[in-house]
Every structure is written in structure tokens, then in C-alpha cells.
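Written out below as C-alpha cells is the structure these notes cover.
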């Protein structure tokens, strides 16, 4: 498949290391025609992203990746072509920002109580004065600046040891469901898509999400092998879902080591996305 667009990238406005401008530059260098910025639970980088994309002759798709969970199962919902100024979306993301920051702070406190990691929350805030919410990568990067870590290669081990599900201090982000995420994306005139379904681990949930308004599924993704891709293409056909894909790019913190344009969508898949976007706009 010839990849023309990467629809899963993150910037420093969430847990990536690239600015929106840098993302656009790298996408152009890789020969991409289309790029979506889907920062976790924030749309703050979209203005810069869309401006830079337009100036570079790249189609920039405004998006977001909303973090939800059910019974300790993380389910992320991507939203494409969103109206990122929609008041209900901004209100929802503001609540999420507070919840995510508090979740990170509480895990850090738990780690200290368990005598597993000692680092002051105040130091995290000092190194992130302008971020709307704080996540685990912000803690890691702050600790790097203070000399506790020397290489970005240490990030995956740091995350899984201290903030991942296997950590003794793990705390689920509660209060936000996939159905709510789908609803809020639809209110913002966007296309809701299930991110990295293999990481969800239960295909039965897909049918339930379709009933709530899910319109697409991320088929092309770094951890999806050939059998996974075939399976999710079958699921997409079964439920009449759009097919998307991307690298889940986080810059220097990209866990999968996939480069921009390695995973993404074809021209035909992009045309179907555009058709759905146009249909939503007519309603």
C-alpha cells in the first residue's frame, strides 16, 4: 500500500517532543501529502499546525485523541476534522486536563509512598510552566533536565515501571467513557475512530462503540501484524467503518520506533474520509 498520509501524530502540546511546525516539516521531508495532529486530550497545538500545514502545501487535518477507560481497559477515541473551537469540546477537554494532571500527581505521590521513586511535584510543574495538563512523559523529561536520566532511550522502561499498568502505583484515569468521547467528537462535527484496537484487546467492544456512533477504526498501526490488519479490515467491512492509520508519532519519545509515513492511509482511504466529512457538513 502506498502511504500518502499519517493520521496519528502527537506534538509537545501533549506527550510528543516536536512542535507542530517541526511535525509539518518532517512530514514534508518524508513525502507525505496529508497529516493529522491528534494530541491527547488537547487542541492547543492545532492553530499553529494548520497554519504551518497550509503554508507548506500539506493537507492538515485537525484532530484529537481522547483518553477513556472501562474496567482498567484503556480505550482511545480519535476525532478527525473536528471543529476545535466547539465550546462543548473545549469544556470537555478542560475537565480532562484537570483529571489527567491530578492522575499524574497522584501516581507520583503513590510512588513516593511506596518508596519506588522520589521526585517533587513542584519540580515537574517548574519544568512545565505553560502546559495545560501534565502526563508521565512530562515527569520523565523534567527528571532528565534535573540529571536523574541521561537518555531518551530510558523512557519506555521508565513509563512501564512507574506509570504503566504493571506499576504498583498505577491509577486508572476514571470518569471518561468511550461513549462520551464519541458523543463530544460528533458534537464537534468530527469523525470518531477507534485507535489501536489491538491494544484494546477485545473486538466485541467495537460493535458496542458502533452503536454509540463510532465511524472508523485504526487499521494500519505499528503493533498490527499482517493478520491483525486483515482482521480489522474485516471488522471495518462488517460494521461499514472507515479505515485509518498512522505511526502514533511522539518524536523522540516514539515507543514503536516507526518513522513518519511508515504507517498511514492510502489515497482511496483518504477519499472515503473526505466523503464522510462532507456528508457530516451537509447535515
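Numbering (the numbering used here), first residue to last: 22 to 304. Ideal Cβ placement from N, Cα and C applies to all residues, glycine included.
Limits of the unbroken alpha helix (DSSP H) element including residue 181: 176-183
Own chain, CB closer than 8 Å to residue 128, minus 5 neighbours either side, in chain order: 157, 183, 184, 188, 190, 191, 192
Nearest residue (CA-CA) to residue 219, options 94, 57, 84: 94
CB of residue 62 within 7 Å of CB of residue 32, strictly: no
7 Å Cβ cutoff met for residue 82 and residue 57: yes
Environment of residue 124 [buried if 16+ CB atoms lie within 10 Å]: buried
For residue 88, the three-state DSSP class (helix, strand or coil): strand
Rounded C-alpha distance that separates residue 97 from residue 90: 8 Å
Rounded Cβ spacing between residue 235 and residue 205 (contact assumed at less than 8 Å): About 13 Å; that fails the 8 Å criterion.
7 Å Cβ cutoff met for residue 264 and residue 227: no
Residues of its chain near residue 160, where Cβ-Cβ distance is below 6 Å and the 5 sequence neighbours each way are ignored: 145
Opening and closing residue of the alpha helix (DSSP H) in which residue 255 lies: 247-260
Residue 122 to residue 155 span [Cα, whole Å]: 5 Å
Same chain, Cβ closer than 8 Å to residue 71, neighbours up to 5 away in sequence not counted: 81, 83
Helix, strand or coil at residue 122 according to DSSP, with G and I counted as helix: helix
Residue 303 beta carbon less than 7 Å from that of residue 260: no
Which residues DSSP lists as bridging residue 270, in chain order: 30
Distance, residue 48 Cα to residue 170 Cα: 29 Å
Boundaries of the alpha helix (DSSP H) in which residue 72 is found, first to last residue: 67-77
Ranges of the alpha helix (DSSP H) found wholly within the segment 121-167, counting only runs of at least 4: 142-148, 157-166
Contact under 7 Å by Cβ, residue 209 with residue 36: no
Same chain only: Cβ atoms within 6 Å of residue 113, ignoring 5 sequence neighbours per side: 205
Contact check, residue 200 vs residue 233, beta carbons under 7 Å: yes
Residue span of the alpha helix (DSSP H) that contains residue 199, given as start and end: 199-208
For residue 265, the residue or residues it bridges with in DSSP: 239
Residues sharing a beta bridge with residue 80, DSSP: 55
Whole-angstrom C-beta distance between residue 243 and residue 284, which should lie under 8 Å: 6 Å
Span of the alpha helix (DSSP H), counted from its first residue to its last, around residue 214: That residue, residue 214, is in no alpha helix (DSSP H); its beta strand (DSSP E) goes 212-215.
Where the alpha helix (DSSP H) through residue 227 begins and ends: 225-232
Bridge partners - residue 61, DSSP secondary structure assignment: 86
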